[in-house]
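Take a look at the structure set out below.
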Amino acid sequence: MENELKLSNNRRDAIATSIHQTVQAFSDRLPGKVNGLCLYYAGLGMDVCTVVYQKVSKDETLYYSLQGGSISVRVASDPEDVSKGVNFGAINPSFKTGNYHCWIVGLCRERRIITPFEFIDFTSKHYKSNSLEQGHRWERTDIGDYLWLDQDEMEKYGVSANFDENITQKAMEAWSDISFKDAMLYQTIQNYKSINQ
1 MENELKLSNN RRDAIATSIH QTVQAFSDRL PGKVNGLCLY YAGLGMDVCT
51 VVYQKVSKDE TLYYSLQGGS ISVRVASDPE DVSKGVNFGA INPSFKTGNY
101 HCWIVGLCRE RRIITPFEFI DFTSKHYKSN SLEQGHRWER TDIGDYLWLD
151 QDEMEKYGVS ANFDENITQK AMEAWSDISF KDAMLYQTIQ NYKSINQ
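This is the structure we're talking about:
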């Protein structure tokens, strides 16, 4: 299947800003450590991206999905130097121990990812601080508030994702059990509308 319609950069920026505002507004209910926030960013991001995409495309069969596992990010300033990287979610990810990372992929239809897919991570602004916490030097330019990459951009950007079906299932279950997720979604959509007028 071919992925035809993509959300504009303006919409992507508005979605990212709205999600960051909502996570900040709900910070008293969220884990205190940045490492535990990827589930909230990815779950909320999945829902918001789906709502916006379906409204823009008028196609309710397409959606974004949360994925879990681990990602590796190049920390070297030289794009050719893949020897220097940091893992988020560990080599052997585990939902129970919190050694995992969540992100978003899209577009999907009928529980299948349409290729080429998009990789989205709204926690990328924390990559550098997490890398330094793990004892790695961060030599590359800061990544920014979010990553929204086409599949073919991941390698040149120095990002690789290792999907884990078990982690993904547990993360989806955990997201669906969060009692205030609908309130987060509502606030994020309101934020998005006010930004993207």
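Just so it is clear: in the sequence shown, position 100 is 100 by this note's numbering, and no numbers are missing. Positions of the beta carbon are idealized from the N, C-alpha and C atoms, including for glycine.
| Asked | Found |
| --- | --- |
| In chain order, which continuous runs of the alpha helix (DSSP H) of length 4 or greater are located wholly inside the segment 29 to 61? | 38 to 57 |
| Residue 132 lies in the beta strand (DSSP E); which residues open and close that run? | Careful: residue 132 lies outside any beta strand (DSSP E), inside the alpha helix (DSSP H) at 127 to 133. |
| How should residue 10 be labelled, buried or exposed, when 16 other C-beta atoms within 10 angstroms of its C-beta is the threshold for buried? | exposed |
| Kindly indicate which residue of 125, 43, 180 and 30 has the alpha-carbon position closest to the one of residue 103. | 43 |
| Does DSSP classify residue 162 as helix, strand or coil? | strand |
| For residue 97, name the three-state secondary structure that DSSP assigns. | coil |
| Tell me whether residue 45 is buried or exposed, calling it buried when 16 or more other Cβ atoms sit within 10 Å of its Cβ. | buried |
| If we ignore side chains and look at the alpha-carbon of each, how far apart do residue 61 and residue 136 end up? | 42 Å |
| So what's residue 208 in DSSP terms, helix, strand or just coil? | No information on residue 208 is available, as it lies outside the stretch 1 to 197 that the chain covers here. |
| As a quick exercise: from 24, 25 and 129, pick the residue whose alpha carbon is nearest that of residue 73. | 129 |
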